[in-house]
Every structure is written in C-alpha cells, then in structure tokens.
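Per our numbering, the sequence shown starts with residue 1074, numbered consecutively. Where is the CB? At the ideal position from N, CA and C, for every residue including glycine. Model, not experiment: these values are computed from the prediction.
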Amino acid sequence: REYLKHLKKTADDLKKEWRTDAAKRVKLDLILSHVADKEKISPDKNKVDAEVKHAMEHHKDIDADRARAYFERIFLNQAVFEFLEKQK
C-alpha cells in the first residue's frame, strides 16, 4: 500500500500498466523471432556455452536448461538487432 501511495496509483492502475508493458514485450519477442526465423539467424553457440558455464560456476543453484534458454534468447535477440542495424 505504501508503494502505491508513493506512486500515487491504485492497484488497478499498476495492473493496466503492467498488462500494456507485457503486451509490448510479447509483440517485440514475436517480431524478433519472426525475423530470426526468416533470416535464419541463430545465437552464437560458443557465446551461449561460455555464459552458461560462467553462470553455473557462480550460481550453484541455477538450472542449466533455464540458463541455456535465457542466454540463447539474449544472444539471438542481439544477433537480430545486429542484422537489423546492418539493413539501414
């Protein structure tokens, strides 16, 4: 409640904002995935492997499959953005 008072918002206001933000993230993810599929872009396997290894060394309780999926998405998005930048 204090947090909402500080923001001068209601719980419903916050839910609407979060819903809007979530919808934007989903749309962006769909667009990036479509570009990656269409252009046959994939994440750099060596970078993914290195980041997963690093994460596993520093966070013993981390789930390896979830870490791999996370880093694959990060590096895939990075590769798509790099591709799009070159199209200018």
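In whole angstroms, what separates the C-alpha of residue i from that of residue j?
i, j, result
"I1135", "K1159", "35 Å"
"R1164", "L1103", "The shown model of the chain, from 1074 to 1161, leaves out residue 1164, and the question about it has no answer."
"S1115", "K1097", "23 Å"
"L1077", "E1090", "13 Å"
"A1095", "H1079", "23 Å"
How about residue i and residue j: are their beta carbons less than 8 Å apart?
i, j, result
"A1142", "A1128", "no"
"V1121", "F1148", "yes"
Hey, residue i and residue j are a contact pair by Cβ (cut 8 Å); roughly how many whole angstroms apart?
i, j, result
"F1144", "E1124", "4 Å"
Inset, instruction - Evaluate the contact criterion for the stretch 1143-1154 versus the stretch 1098-1110: three or more CB pairs, one atom per stretch, below 8 Å. - result: yes
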